[in-house]
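Engineer: My numbering applies: residue 21 is where the sequence shown begins, and numbers increase by one.
I am attaching a structure below and will ask some questions about it afterwards.
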Amino acid sequence: MSTPTGQLSAAGVSIWLDDLSRSRIETGNLADLIATRNVVGVTTNPTIFAGALSKGDGYQGQVAELAAAGTSVDDAIFRITTDDVRNASDIFRPVYDATGGVDGRVSIEVSPDLAHDTEATIAQAKALAATVDRPNVLIKIPATKAGLPAITEVIGAGISVNVTLIFSLERYAEVIEAYLAGLEKAIAAGIDPTGIRSVASFFVSRVDTEVDKRLTSIGTDAAAALASKAGVANARLAYELYEQAFATERARGLLAAGANLQRPLWASTGVKDPSLPDTLYVVELVAPGVVNTMPEKTLQATFDHGVVDGDTVTGNYADAHAVIDGLAAVGVDFADVTQVLEDEGVEKFIVSWHELKDTVQTALAASKQ
């Protein structure tokens, strides 16, 4: 009998792991998840690397070498994280080859400190891509206002991009526009678009966390009836927008020229509310051609008891619109919700980035003693 993760893959969902550490690479854990859990990619972020480095597993030798060489904290982080992503990319290379470049992808993010600096984001994205130097790397750029022109420029240079921290449909439409403009720029420069890939990371559980807090504050029965529905509804409407945006004459022309779809990716898919089913943001967001990047806890829960009933997105657009309309009717300003989440998302990654810098600084100092 096929496993739930196998069924999820058969339904068109690419399962990526939202975690990476040197110990996962060196112990064979990552290879095992590919073999037994249908994992076909990895995403990373500053919080993930901060957690991995704070535990120290597998990093002591490299930290000692970097300390002896007098390497700065920023350069040490760059070296450590790009090494992990390069090695993970090599592990996923057979998947990349077998899927024609669709999967087997490993993501690495530009510094969150650059989230509001377009030119610095572009420069670091190019440096990350050149340093990892693998065809299956994705450079993560946040969907901030400053990030949008950076996405166009980096795609236009032929670099594959994971656009992260998307919360609103309005911003998602701008992300798709930035991607299409980047493809046009690449083609105009003589770059073959067939090798350019992109995913658009739409965050899910954080939407419910913020909306449910506001619904509780409103306190009416009508508000209570909408609890824990906004995240899934918002993501389903993102998929509707995706279908519409890539059916336009402009998009069809680019696809005919060899460009690829920018796939929707569901991020933040671990439930934050323990009263919710632990596979909620997996089984309710099954649709062809999407990516679901999961923390290992969610991945294992899906493998153990996930119930996959085929496409749970495209037939539910009307219900999703009704949920968003219902939120407005009870007094939830959804545009404010998504702006708050974007601002908080950038700030959380900046905090994690500085925790990572502190961790590496401490490790470098300890190695010198």
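Just so it is clear, CB atoms sit at the ideal spot from N, CA and C, and this is done for glycine as well.
Any idea what DSSP makes of Arg217, helix, strand or coil?
Structural biologist: Three-state result, Arg217: coil.
Engineer: Taking the alpha-carbon positions, what's the Val115 to Ser109 distance?
Structural biologist: 10 angstroms
Engineer: To the nearest whole angstrom, what separates the beta carbons of Ala220 and Pro284, a pair I think is in contact under 8 angstroms?
Structural biologist: 6 angstroms
Engineer: Identify every run of the beta strand (DSSP E) within the segment 108 to 163, keeping only runs that are complete inside it and at least 3 residues long; order them along the chain.
Structural biologist: Secondary structure remark: continuous beta strand (DSSP E) runs of at least 3 residues inside the segment 108 to 163, in chain order: 125 to 129, 157 to 162.
Engineer: Would you identify the three-state DSSP class for Thr289, choosing helix, strand or coil?
Structural biologist: coil
Engineer: Can you list, in chain order, the residues of its chain with a C-beta nearer than 6 angstroms to that of Tyr262? Leave out the 5 residues immediately preceding and following it.
Structural biologist: Pro284
Engineer: Just to confirm before moving on: does the CB-CB distance between Ser237 and Leu296 stay below 8 angstroms?
Structural biologist: no
Engineer: State buried or exposed for Arg226, treating a residue as buried only when at least 16 other CB atoms are found within 10 Å of its CB.
Structural biologist: buried
Engineer: May I ask you to report which of helix, strand or coil DSSP gives Val352?
Structural biologist: In the three-state reduction of the DSSP assignment, Val352 falls in the coil class.
Engineer: How would you write the range of the beta strand (DSSP E) that Ile196 sits in, first residue to last?
Structural biologist: Run containing Ile196: none in the beta strand (DSSP E); it sits in the alpha helix (DSSP H), 189 to 208.
Engineer: Give me the Cα-Cα distance between Lys317 and Val181, rounded to the nearest whole angstrom.
Structural biologist: 26 angstroms
Engineer: Just mark Asp117 as buried or exposed, buried being the case when its beta carbon has 16 or more other beta carbons within 10 Å.
Structural biologist: Classification for Asp117: exposed.
Engineer: Which of the three DSSP states, helix, strand or coil, is assigned to Gly32?
Structural biologist: coil
Engineer: Can we say the segment 128 to 143 touches the segment 164 to 172, given the rule of at least three CB pairs closer than 8 angstroms?
Structural biologist: Touching, per the Cβ criterion.
Engineer: In the DSSP assignment, what residue or residues form a beta bridge with Leu37?
Structural biologist: Val62, Met314.
Engineer: Taking Ile142 and Ala96 to be in contact with their CB atoms under 8 angstroms, please state how far apart those CB atoms are, rounded to whole angstroms.
Structural biologist: Rounded, the Cβ-Cβ distance is 23 angstroms, inconsistent with contact.
Engineer: With a threshold of 7 angstroms on Cβ separation, who are the neighbours of Leu376 within its own chain once the five nearest residues in sequence on each side are excluded?
Structural biologist: Pro66, Phe69, Ala70, Leu73, Ile97
Engineer: Can you say whether Pro213 is buried or exposed, counting buried as having 16 or more other CB atoms within 10 angstroms of its CB?
Structural biologist: Classification of Pro213: buried, given that the 10 Å Cβ count is 16 or more.
Engineer: In the DSSP output, which residue or residues are listed as bridge partners for Gln282?
Structural biologist: The partner list for Gln282 (beta bridge, DSSP) reads Ser218.
Engineer: Taking 8 angstroms as the threshold, find out whether the segment 28 to 36 comes into contact with the segment 305 to 324 through three or more Cβ pairs.
Structural biologist: Judged by Cβ distances under 8 angstroms, the segment 28 to 36 makes contact with the segment 305 to 324, as three or more pairs qualify.
Engineer: Roughly how many angstroms lie between the CA atoms of Arg99 and Ser92, to the nearest whole one?
Structural biologist: 10 angstroms
Engineer: Indicate whether Leu50 and Arg44 have their beta-carbon atoms separated by less than 8 angstroms.
Structural biologist: Yes, they are a contact pair.
Engineer: Mapping DSSP to helix, strand and coil, what is Ile186?
Structural biologist: strand
Engineer: Can the beta-carbon of Ile161 be found closer than 8 angstroms to that of Ala145?
Structural biologist: Yes; because the gap between Cβ atoms is below 8 angstroms, this pair is in contact.
Engineer: In angstroms with no decimal places, state the Cα-to-Cα distance between Val157 and Ala342.
Structural biologist: 38 angstroms
Engineer: How far does the alpha helix (DSSP H) with Ile54 in it reach, from first residue to last?
Structural biologist: 49 to 57
Engineer: Between Val333, Gly346, Leu300, Thr334, which lies nearest to His325 when the distance is taken from Cα to Cα?
Structural biologist: Per the Cα distances, Leu300.
Engineer: Report the three-state DSSP secondary structure of Val181 (helix, strand or coil).
Structural biologist: In this structure, Val181 counts as strand in the three-state DSSP scheme.
Engineer: Between which two residues does the alpha helix (DSSP H) carrying Asp232 extend?
Structural biologist: Annotation for Asp232: the continuous alpha helix (DSSP H) segment containing it runs 225 to 238.
Engineer: Over the uninterrupted alpha helix (DSSP H) stretch that includes Gly273, give me the two end residues.
Structural biologist: Where Gly273 is concerned, the enclosing alpha helix (DSSP H) stretches over 269 to 276.
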